[in-house]
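Working notes, beginning with the structure itself.
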Amino acid sequence: MKACPFCDGEAKVRKHGIFWFVVCTKCKAHTTYASSEEKAIEKWEQRTPLSDHSWETLKSCPFCGNIGIAHDAVWKKHVTYCNKCYAATNNYKNRSKADEAWNMRSII
Ligand SMILES: [Zn+2]
Ligand SMILES: [Zn+2]
């Protein structure tokens with residue numbers, strides 16, 4: 642399996658109930674749920690090359706190339722996520738930390 646697109650960390654497949662997902666053991670970035678282990682790995686591996694959107698503060702999604710990156714804050718836990726494939730960062734205490742995590746992707 643490929644390394645994490647954000648921090649180059651090691652990725653692991655995990656199961657949650659009947660769903661599978663891939664999560665980075667270092668920065669905890671993760672894919673959305675998939676119905677099988679293979680599909681979860683497929684999502685993780687579908688990373689697109691880094692595109693340069695210098696007019697944007699946030700980099701495009703490493704998984705689907707989408708530039709529509711959004712934020713969410715629930716109970717003071719901030720995440721930055723892709724509004725197309727819903728790949729997300731780990732939870733952070735503030736928005737800038739979540740954005741920072743999102744932008745920490747390594748060049749493929
Ligand atoms: Zn990572
Ligand atoms: Zn995406």
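For the sequence shown, the positions run 642 to 749 when the working numbering is used.
Glycine included, C-beta positions come from ideal geometry on N, C-alpha and C.
Note that this is a predicted model, so its numbers are computed, not measured.
Nearest C-alpha to Tyr-733 among Trp-685, Phe-662 and Tyr-722: Tyr-722. Of the candidates His-712, His-657, Ile-659 and Ala-670, Ala-670 places its Cα closest to the Cα of Glu-651.
Out of Ile-659, Ile-710, Asn-735 and Trp-716, the CA that lies nearest to the CA of Ala-681 is found in Ile-659.
Around the Cβ of Ser-676, a 10 Å sphere holds fewer than 16 other Cβ atoms; the residue is exposed.
In this chain, Arg-746 is not harboured by any alpha helix (DSSP H), its DSSP state being neither H nor E.
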